[in-house]
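Protein chains in written order, with my numbering: chain A, 1 to 303; chain B, 1 to 348; chain C, 1 to 293.
1) In the structure shown, what three-state DSSP assignment does residue 124 of chain C receive?
2) Can you tell me the Cα-Cα spacing of residue 150 of chain B and residue 105 of chain A, whole angstroms?
3) Taking 8 Å as the limit between beta carbons, can you name the residues of its chain near residue 211 of chain A, skipping five residues before and five after?
4) Alpha helix (DSSP H) containing residue 64 of chain B: first to last residue?
5) Within the 7 Å Cβ cut-off, does residue 20 of chain A reach chain B?
6) Given residue 241 of chain B, which residues of its chain have a CB within under 6 Å of its CB, disregarding the five upstream and five downstream residues?
7) List, from N- to C-terminal side, the alpha helix (DSSP H) runs of 4 residues or more that fit wholly inside the stretch 81-128 of chain B.
8) Does residue 68 of chain A get closer than 7 Å to chain C when you measure Cβ to Cβ?
9) Go ahead and pull the three-state DSSP assignment for residue 325 of chain B.
10) Do residue 310 of chain B and residue 294 of chain B come within 7 Å of each other at the CB atom, strictly closer than that value?
11) Mind checking which residues open and close the alpha helix (DSSP H) that includes residue 308 of chain B?
12) With 9 Å as the C-beta to C-beta threshold (strictly closer), list the residues of the stretch 46-78 of chain A near chain C in chain order.
13) I need the DSSP call for residue 182 of chain B, collapsed to helix, strand or coil.
14) Three or more beta-carbon pairs under 8 Å between the stretch 126-146 of chain A and the stretch 44-54 of chain C, yes or no?
15) Is the beta carbon of residue 199 of chain A less than 7 Å from the beta carbon of residue 74 of chain B?
16) Have a look at C/179, C/278, C/265 and flag the residue whose alpha-carbon is nearest the alpha-carbon of residue 83 of chain C.
17) Could one say the Cβ of residue 137 of chain A lies closer than 7 Å to chain C's Cβ atoms, at least one of them?
18) Where DSSP assigns a beta bridge to residue 343 of chain B, which residues make up the other side?
19) Report the residues of the stretch 253-267 of chain A with a CB closer than 9 Å to any CB of chain C, ordered along the chain.
20) Roughly how many whole angstroms lie between the Cα atoms of residue 96 of chain B and residue 206 of chain A?
21) Can you name the start and end residues of the beta strand (DSSP E) that residue 293 of chain B belongs to?
22) Under 8 Å Cβ-Cβ, which residues of chain A neighbour residue 160 of chain C?
23) State yes or no: is the beta carbon of residue 84 of chain B nearer than 7 Å to at least one beta carbon in chain A?
24) When DSSP builds the beta bridges, which residues end up paired with residue 283 of chain B?
25) Residue 245 of chain B and residue 265 of chain B look like a contact to me (Cβ under 8 Å); what is the Cβ gap, rounded to whole Å?
26) Just how far apart, CA to CA, sit residue 31 of chain B and residue 211 of chain B?
27) The alpha helix (DSSP H) that contains residue 267 of chain A, what's its start and end?
28) For residue 239 of chain B, which residues does DSSP report across the bridge?
29) Please state whether DSSP places residue 233 of chain B in a helix, a strand or coil.
30) Classify residue 206 of chain B as helix, strand or coil using the three-state DSSP reduction.
31) Below 8 Å on C-beta distance, what does residue 47 of chain B contact in chain A?
32) Compare the beta carbon distance of residue 200 of chain B and residue 154 of chain B with 7 Å and say whether it is the shorter of the two.
33) Counting only beta-carbon separations shorter than 7 Å, does residue 152 of chain B have a partner in chain A?
34) How should residue 71 of chain B be labelled, buried or exposed, when 16 other C-beta atoms within 10 angstroms of its C-beta is the threshold for buried?
35) Which residues does DSSP list as the beta-bridge partners of residue 53 of chain A?
36) Which same chain residues end up closer than 6 Å to residue 143 of chain C when comparing Cβ atoms and leaving out the 5 residues on each side of it in sequence?
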């Protein structure tokens, strides 16, 4: 029996539209995206816009921008932006600096690697509330850390209820976060590049500085950016192991006070907007830095 | 002319491997996956440590040195070009590591690129080049440092067929022009035969046979090598008479009586393995080792046809012929006795 | 044709030595510092966890290396005093959030992995924004809205709030798992007669089981530890364990330290159990990566 395969082009019309859309990747499968998109629009974008709207309807009257004006005219409130930056930027930088050599060392698979990764996963799972709570135990004036210092003759240090406490708490969560991010990025760099560099005469230092580091820099910037964004939203540790009234009076505290204590959602939303804007500014700066660097794939060959 | 020699041995991946390269030689390390050829290369380059044995160049001991001090040039299967550097900077990398001054570096790099005909692409990044071009850059990079030995780890495996043949010719040409000692790892016997001065076939970490392409092709030393070199017809048989290597012995397959050339000493009455290339199974032109078969499967290959011919006992022989044979034809085939090789033992 | 290609070289190779492992790992100053720093970090972590556990068993511990006496009664007190309720609430929220997020997120992840269309990166950014931004940036506005519609303080409100970062998380985790399935598998199923629904049921879901499990576990861990979102929305009946913990810890006139410690141990135990289950399914890098590749 013979099969007849019709030649020639098919009829234009509705089928044509579907085919040309399909050629560009648009077909029924995209329907599956609709719930997620609708969800995000409904529960993320809309509340955000709602928040902006109510922030412009201040409870105490005084015009649309009253909340914002009050915030910036009050030095105690203005200070929070600086306090937050003062905490977030160094904490993020130190965390990435800490995590980077560690991630570099574990880029090759070895026996203890899973243990180390699990070790870093633990603080992330625990979260800042638990870590801060634990810190009040061991970093207390009569806690283990100070006792250990004392036993080797070093003076006691006030670790908690100040800037240092919140800083340490931030490190405890941001270091693992950065580590996992960077380890993933290191893992995506083609391993044979190092072998090639070695056969061309590059010792360990040259291999790092001339091959690996240039390829890692975009990843580093990304990790730093994400770390800053995370650290910026510091809240429970600023209260539990910090000085929420002075040194660690961060942006999230007036936010919390407005929302939960004064039930002034208008003011709280205004503060949230301010927080977002500062974050976006930081993000934009870092993004600008990143785009000036090499942005190609970190694999060679047909990757 | 400097004589180069080395030998190394290792447990597991490489067992008591002894390999000697002479200066200017192109040696192909051939074998299926898992036979240890890439491991051998990696050990030589210093990318993997030895568990036992040594590596020497002339009188210098090499295996105690790290990879960056061994002075080889290496070309990788995945090209391994540095994606953040231009083509030229890639090629200059090895020179830079040797602290060659900038002007000289540029000159030597461009010269290397010229030998692979890519000097126009010097300022591009690897991602902008095709696979074949990238591999040529990798070759230029290895050549630029003027190494004692060039190591190549299946450099053509990632390329498609047409590109592979073209680049293979280039590699041959480069070797003829430059005369650099080369160790070339591949699983493709055609590549090994066409490129190498000497072919070394590895099996499970040991050398199974080493010799010129002609020697390995015509006189494989074991059924393993024979199967790898294209002796598609490997059958079990029984030795009716015995003989030393090189002598003709009589073997039986059931009722068939055949005469084969022994590759190794064969005792009468023992099990043997016989092997013959499809090209050496001739249709109706000779009487030596004559058999009658029925053509079962016929494949058109262009100038020849490939026939799977069924023998009366059910065994299928693969042969190639230019004669017109159709499926179902009954054909008379014969094998010259010098081309039918016999090995001791049953390895079919 | 010569059998030997060239004369034997001047120096023949030397014999093999006894097999010995050559250690290639070098000890450099930087590696020592790095490992020392990592050890410090680990030590702090271990000390932290240990001291909390010890405190939870102490009658009282006013400083010093070791508490005065031991008792297990804090656990009962904590359990009755709110932990059981908080834990129940936590699991109720987590399970519902995970189920809804899977239903919404897995198909979306599939669509994103399989199709590239104009505007795809914009859509991806849009979908992933809630998981990339810290919850505090949108928690307040979200809670304002939820209170406005009358769901403030209820479990439903908490569920809705937690869904916001979890749906993108599920999408994010699903995409690489879908990419690992060769498209030819689906084509093969279609050629052999499977319609879209049957395709999902018999081919995709079974193949995606590890991905779905990974997403589910990650989501549960996230919900367990989600503080800010739940904090701003929950009421005393609907608070999750972490919120209850914060409440106790931040209250200056609040519970005795060992009681708080006992609550902490409950929380830690839950987290560790989830983590252990999760590590069987997902590689750690997935837990953190946020799509900025």
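Glycine included, each C-beta is placed from N, C-alpha and C at the ideal position.
From the atom records:
1) The answer is helix: DSSP assigns residue 124 of chain C an H, G or I state.
2) Rounded to the nearest angstrom, the two C-alpha atoms are 30 Å apart.
3) Cβ within range, chain order: 193, 194, 197, 202.
4) No alpha helix (DSSP H) holds residue 64 of chain B; DSSP gives it neither H nor E.
5) So, not an interface residue.
6) Scanning its chain for C-beta atoms nearer than 6 Å, with the 5 sequence neighbours on each side dropped, one finds around residue 241 of chain B the residues 249, 250, 268, in chain order.
7) Taking only runs of at least 4 residues, the alpha helix (DSSP H) segments lying wholly in the stretch 81-128 of chain B are 87-97, 102-115.
8) The Cβ of residue 68 of chain A sits no closer than 7 Å to any Cβ of chain C.
9) Reduced to three states, the DSSP call for residue 325 of chain B is coil.
10) Taking 7 Å as the Cβ cut-off, residue 294 of chain B and residue 310 of chain B qualify as a contacting pair.
11) Taken as a continuous stretch (DSSP letters only), residue 308 of chain B belongs to no alpha helix (DSSP H), being part of the beta strand (DSSP E) at 305-310.
12) From the stretch 46-78 of chain A, only 46, 47, 48, 49, 50, 51, 52, 54, 55 have a Cβ closer than 9 Å to chain C.
13) Note: residue 182 of chain B maps to strand in three-state DSSP.
14) Touching, yes, given that three or more Cβ pairs across the two stretches are closer than 8 Å.
15) Taking 7 Å as the Cβ cut-off, residue 199 of chain A and residue 74 of chain B qualify as a contacting pair.
16) When the alpha-carbon of residue 83 of chain C is set against those of C/179, C/278, C/265, the nearest one is in C/265.
17) Yes, residue 137 of chain A counts as interfacial toward chain C.
18) In DSSP, residue 343 of chain B forms a bridge with B/273.
19) Within the stretch 253-267 of chain A, the qualifying residues are 255, 256, 258, 259, 260, 263, 265, 266.
20) When rounded, the distance between both Cα atoms is 10 Å.
21) Here the beta strand (DSSP E) through residue 293 of chain B covers 291-300.
22) Those are 43, listed as they occur along chain A.
23) Cβ-Cβ to chain A under 7 Å: yes for residue 84 of chain B.
24) Residue 283 of chain B pairs with B/333.
25) The beta-carbon separation of residue 245 of chain B and residue 265 of chain B, rounded to 6 Å, stays under the 8 Å limit for a contact.
26) Those two C-alpha atoms are separated by around 14 Å.
27) Run containing residue 267 of chain A: 265-291, per the alpha helix (DSSP H) assignment.
28) According to DSSP, residue 239 of chain B bridges with B/251.
29) Here residue 233 of chain B sits in strand by DSSP.
30) Per DSSP, reduced to three states, the secondary structure at residue 206 of chain B is strand.
31) Those are 195, 198, 199, listed as they occur along chain A.
32) In this structure, residue 154 of chain B does not lie closer than 7 Å to residue 200 of chain B by Cβ.
33) Judged by the 7 Å Cβ criterion, residue 152 of chain B is not in contact with chain A.
34) With 16 or more other Cβ atoms within 10 Å, it is buried.
35) The secondary-structure analysis by DSSP pairs residue 53 of chain A with nothing; it has no beta-bridge partner.
36) The beta carbon of residue 143 of chain C is closer than 6 Å to those of 232, 233 in its chain, skipping five residues each way along the sequence.
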